[in-house]
Amino acid sequence: MNEDALDSLAAAVRTADTTVALSGAGVSTASGIPSFRGEDGIWNDWDPKTFHRRRLDADPAGFWADRVELRAELVGGDPEPNAAHDALAAMEGDGHLEAVLTQNVDGLHTAAGSARVVELHGTNRRVRCEDCGATEPAEPVFDRAADAASAGTDGGSLPPRCDCGGIYRPDVVLFGESLADAVLAEAQRLARESDVFLAVGSSLSVRPAALLPRIAREAGATLAIVNFEATPHDEASEYLFREDVTTVLPALWDRL
């Protein structure tokens, strides 16, 4: 690790009025959550079209049966926050971080204690009714769906439904859907207002989240990237760490 660069980045964060972090799948892989893309990514085993908005509309029972299996792969090990989540929460608690913008849907930033988390793609910890918009914790709804799927009811108890009769859906952005306007606007505003923008554990290849570092940079922010693989924004960054986020972020916090 480049200790001088880390010292310099820590100094920039200490003097910044606003520091914002954008987190991607690489922040959660250390918690045992597989990434979606890449060599061992989820989409190597699943066709993304399986979870497209059109599939939910056309075959809600089949969508839910497959979603139950996908959820088991993602959270079956009961993942917990790791050192990277903890470091970002500590930075916020110490007044050195304004917010976390996350591409992840696992809820681990909130579990670690981060108070201001903008979940760009939603959260798999909730479900939402398609009709009335009511939200519920996801686990009991998925448990009912899993029981129905394993009972071989041919979809008779699927999809799970709200008390109003509407179909529940995972409260995440599905393929074929756009990010919520209010969520994207908030993320863009925070990027523009940041003095230091930390992009951590993200390939920065999925839009519109991938545009946030550029928005921050064009507004005058110092850009720092922590990611094992190359990103499209590497050349524009002042600080670039090809290191594990669970090593770099705690070391950064220690210097603040």
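With the sequence shown counted from 1, adding 31 to any position gets you the numbering used here.
Where is the CB? At the ideal position from N, CA and C, for every residue including glycine.
This one's a predicted model, so the numbers in the text were calculated from it and none came from an experiment.
Per-residue DSSP class, three states only, for residue i
i	result
Pro201	strand
Phe94	helix
Ser54	strand
Leu210	coil
His83	strand
Glu269	coil
Ile288	Because residue 288 is not part of the residues shown, which for the chain are 32 to 287, the question remains open.
Glu100	helix
Glu123	helix
Leu254	strand
Cβ separation of residue i and residue j, assumed to be a contact under 8 Å, to the nearest whole Å
i	j	result
Arg102	Phe94	Contact doesn't hold; Cβ gap of about 12 Å is too wide.
Ile64	Leu105	6 Å
Arg223	Ala250	4 Å
Thr154	Asp76	Actually they do not touch by this definition, with Cβ atoms about 22 Å apart.
Separation of residue j from residue i, as counted between CA atoms
i	j	result
Ala287	Ala36	Note that residue 287 is Leu in the sequence shown, not Ala. If I take the Cα positions, the gap works out to 14 Å.
Leu128	Thr50	5 Å
Ile256	Gly124	22 Å
Arg238	Asp38	31 Å
Gly186	Glu167	Note on Gly186: pLDDT 46, under 50, position unreliable in the model; the coordinate value appears next. The straight-line gap from Cα to Cα measures roughly 21 Å.
Ala130	Ser209	22 Å
Glu34	Ala211	39 Å
Ser233	Ala261	10 Å
Val44	Trp284	10 Å
Ala180	Glu161	21 Å
Met27	Thr278	The requested residue 27 is not part of the displayed model; the chain covers only 32 to 287.
8 Å Cβ cutoff, residue i in contact with chain B
i	result
Ala218	Protein chains in the displayed structure number just one, and chain B is not present.
Residues that DSSP places opposite residue i in a beta bridge
i	result
Pro168	Arg157
Arg192	Ile198
Val227	Thr50, Thr253
- Message: Taking contact to mean 3 or more Cβ pairs, one atom from each stretch, closer than 8 Å, check whether the stretch 130–143 and the stretch 40–60 are in contact.
- Response: yes
- Would you check if the stretch 243–255 and the stretch 265–272 touch, i.e. whether three or more CB-CB distances between them fall below 8 Å? yes
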